[in-house]
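Participant: Residue numbers (the numbering used here): 22 to 177.
Beta carbons: idealized from backbone N, C-alpha and C, even for Gly.
One structure is given below, represented as structure tokens, and several questions about it will come after.
So this is what it looks like as structure tokens:
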């Protein structure tokens with residue numbers, strides 16, 4: 022039986038769907054914890070707590086890794102942080118609405134490593150496609166489905 026999840030933890034530094042997260046947690050009765058460095062100013066709102074950490078290289082990721090629980094949904098596009106989230110028992114969702122599962126993470130990390138090696142060797146790699154309105158809709162639908170499904174499990 023999977024745990025009941027009631028909090029969305031957000032890697033807020035480069036997250037393009039912060040407003041969608043706020044609307045979704047408010048409508049589903051969940052809460053959000055948005056974590057970012059001093060370089061990115063976030064504003065708290067109803068059901069959304071904001072934590073600001075040092076601007077150090079991995080400060081946001083380390084803070085999130087230390088507070089994640091199996092009751093959380095982690096929103097991140099960072100595969101290294103996603104792997105830590107999965108290891109902590111959290112559900113992981115990318116800002117484009119793709120749920121990352123245990124069986125996905127090894128291939129994603131291998132792809133990331135290969136691309137980094139190519140760039141270090143002077144090669145070029147293709148970046149992600151531009152973020153679209155369809156990505157926002159897909160993300161909000163997936164997050165809503167996750168949170169509502171988790172609430173339904175709570176009523177069992």
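Buried or exposed for residue 151, going by 16 or more other Cβ atoms inside 10 Å?
Facilitator: Classification for residue 151: exposed.
Participant: Can you name, in chain order, every residue of its own chain whose Cβ lies under 7 Å from the Cβ of residue 43, other than the five neighbours on each side?
Facilitator: The residues are 53, 66 and 69.
Participant: Is it the case that the region 93-104 contacts the region 30-37, given that we only count it when at least three CB pairs across the two stretches are under 8 Å?
Facilitator: Touching, yes.
Participant: CA-CA distance, residue 161 and residue 79?
Facilitator: Between residue 161 and residue 79, the C-alpha separation is close to 27 Å.
Participant: So residue 32 is in the alpha helix (DSSP H); what residue range does that whole segment cover?
Facilitator: Careful: residue 32 lies outside any alpha helix (DSSP H), inside the beta strand (DSSP E) at 28-32.
Participant: Quick check on the burial criterion: 16 or more other C-beta atoms within 10 angstroms. Buried or exposed for residue 147?
Facilitator: Looking at its Cβ environment, which holds fewer than 16 other Cβ atoms inside 10 Å, residue 147 is exposed.
Participant: For residue 54, which residues does DSSP report across the bridge?
Facilitator: Bridge partners of residue 54: 30 and 70.
Participant: Out of 125, 124, 116 and 153, state which residue places its alpha-carbon closest to the alpha-carbon of residue 39.
Facilitator: Selected option, being the one with the closest Cα: 116.
Participant: Using only alpha-carbon positions, find the residue among 83, 76, 107 and 62 that is nearest to residue 126.
Facilitator: Selected option, being the one with the closest Cα: 107.
Participant: Decide if residue 28 is buried, meaning its Cβ has at least 16 other Cβ atoms within 10 Å, or exposed.
Facilitator: Its Cβ being crowded by 16 or more others within 10 Å, residue 28 is buried.
Participant: If distances are taken between C-alpha atoms only, which option among 64, 46 and 76 comes closest to residue 58?
Facilitator: Looking at the Cα atoms, 76 is the closest of the given residues.
Participant: Short of 7 Å in beta carbon distance, which residues of its chain neighbour residue 163, apart from the five on each side in sequence? Order them along the chain.
Facilitator: Cβ within range, chain order: 114, 118 and 120.
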